[in-house]
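Written out below as structure tokens is the structure these notes cover.
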Amino acid sequence: MADVDYTIAPGALRERPHALADSSAQHSFVLTEHLVAATRPGSIQAESFRGLRSNLLSQHVNRGRRALAICSPAAEAGCSFVSANLAFVMAQAGVNTLLIDGNLRGPSIHQFIASDHYGAGLGECLADDTLPLAGVIKRVQPSLSVLYAGDAGIAAADRLGSSVFRNLISQCLRDYDLTIIDTPPSSLSADARRIAAVTHYALVVTRRDKTFVKDVRVLLDELAADGAEPIGTYLNDF
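Take any residue in the sequence shown, note its place counting from 1, add 2, and you have its number in the numbering used here.
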């Protein structure tokens with residue numbers, strides 16, 4: 003469990019940020035209340051992610067598959083929520099995990115794992131392929147690292163289909179057991195499809211009363227057409 007001190011008050015979760023130290027760069031991190039797998043490990047939400055972890059370990063990671071794009075057909079499905087919490091429980095199981103904020107148009111991973119210093123991120127790596135990736139990735143815990151979006155925007159997002167991005171992901175696959183990439187809604191851009199085409203595998207997140215079945219079918223067909231294998235769907239009911 004993370005070295006963060008939490009106090010639970012009636013009806014609320016309050017943090018006393020004993021931040022997590024990144025020994026290599028002397029940065030600190032705070033796991034926010036949105037990272038339920040860390041802050042409410044006994045909750046139904048946390049248990050659902052541990053169940054998802056079991057399935058992915060047996061059906062994905064243990065078969066040598068080292069990357070996974072987390073996609074959703076529309077906004078408000080909880081893609082970032084699933085990405086961050088899944089990365090955390092994977093790291094808990096000892097899987098050397100890298101979480102990438104691939105939503106360059108509206109990054110939000112920092113809302114789950116906050117840092118006192120973000121610096122360069124994926125956007126800068128896409129703009130400058132000479133930037134050392136090891137110096138940009140932040141190590142949060144021994145088995146959990148994060149690549150934030152950095153100076154994100156449309157210009158950076160347009161490079162997700164470039165050879166620079168493919169080479170970056172290839173390096174991540176060599177250095178980590180599992181690379182999880184949060185992506186923007188497919189209804190807003192083609193970024194998720196570009197990312198999934200590189201990772202080759204995707205998990206589609208849906209949300210009760212928010213996601214339409216026809217939109218899920220369209221996204222599944224689009225992913226398959228791009229050469230990405232949808233390994234399943236996850237119903238986010240929280």
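C-beta atoms are modelled at their ideal positions from N, C-alpha and C, and glycine is treated no differently.
Note on residue 206: 16 or more other CB atoms within 10 angstroms of its CB, so buried under the neighbour-count rule. Using a Cβ distance threshold of 8 Å, residue 111 and residue 118 do not count as a contacting pair. Residue ranges of uninterrupted alpha helix (DSSP H) with 4 or more members, entirely inside the stretch 36-113 and ordered along the chain, are 38-41, 46-61, 81-94. Here residue 117 carries a strand assignment [DSSP, helix/strand/coil]. The shortest C-alpha to C-alpha distance from residue 192 to any of 41, 166, 75 is the one to 75. Contact annotation, residue 105 with residue 185: C-beta distance approximately 6 Å; criterion of less than 8 Å satisfied.
For the pair residue 39 and residue 81, the Cα-to-Cα distance works out to about 15 Å. Counting along the chain, the unbroken beta strand (DSSP E) around residue 206 starts and ends at 203-209.
At a Cβ-Cβ threshold of 8 Å, residue 93 and residue 60 do not count as neighbours. The beta carbons of residue 98 and residue 178 sit about 5 Å from each other, so the pair counts as a contact at 8 Å.
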